[in-house]
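Numbering (my numbering), first residue to last: 16 to 179.
Contents: one structure, followed by commentary.
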Amino acid sequence: PSFTWAPCSISPVGWAPRNLPIRVALDLGDASDAARRADSAAFWAAARQLERDWGAPLFVPADGDATRDERWRGIAVQLDPRLPSAGFTTTTSTGDGELYDAIVGFRTRADLRDPGIATHELLHALGIGHTDRQESIMRASGDLPDRASAEDVAYGRLLYAVRA
């Protein structure tokens, strides 16, 4: 049999360097102030650990109302009890793979406060997909580690180097 090579028309997706760090707005619903503070603290602890592991600033807090602006570019974090899993992320990108919007949803407050789930979803928001590697935080099922592995970070940084 003969094989022909055809260039792939799919670009790897990621945020443009000019959009880093990415604005992140938390919409944590109608909970008490204490619950919202605890949710926010847990989420940002996971985000800051990912930044330390990555070795660069990735996220900056934004006002929750900022997502209502038609020029919004960033990550909106929401609670949604209708989700089919503990966390779920959708992203929007241009035709050349530049991410400009992501929605990170958590089914429960406990899911949002879980550092493994939060980190997993933040990596999706950065454009990183699932793997079958057991030690990876990006595996599709099972108990997740509390933070990204060195290999997860290396693949993420490689993705951003390729995009650059």
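The C-beta atom is built at its ideal place from N, Cα and C for all residues, glycine as well.
Contact check for Ala62 against Phe74 passes: the beta carbons are separated by less than 8 Å. Asp78 sits in coil when the DSSP states are folded into three classes, being neither helix nor strand. Shown here, Val177 sits in a helix according to DSSP, grouped into three states. Restricting attention to alpha helix (DSSP H) runs no shorter than 4 residues, the stretch 121-162 encloses them at 124-128, 130-140, ordered along the chain. For Gly120 against Val28, the beta-carbon gap comes to about 19 Å, at or over 8 Å, which does not count as contact.
Under DSSP, Leu114 forms a beta bridge with Trp30, Ser108. Membership of Leu43 in any beta strand (DSSP E) is not indicated, and neither H nor E is assigned to it by DSSP. By the neighbour-count criterion, in which a residue is buried when 16 or more other Cβ atoms sit within 10 angstroms of its Cβ, His145 is exposed. The stretch 119-138 makes contact with the stretch 84-99; the number of CB pairs closer than 8 Å reaches 3 or more. By a beta-carbon distance limit of 8 Å, Val39 contacts Pro76. Their separation comes to about 6 Å.
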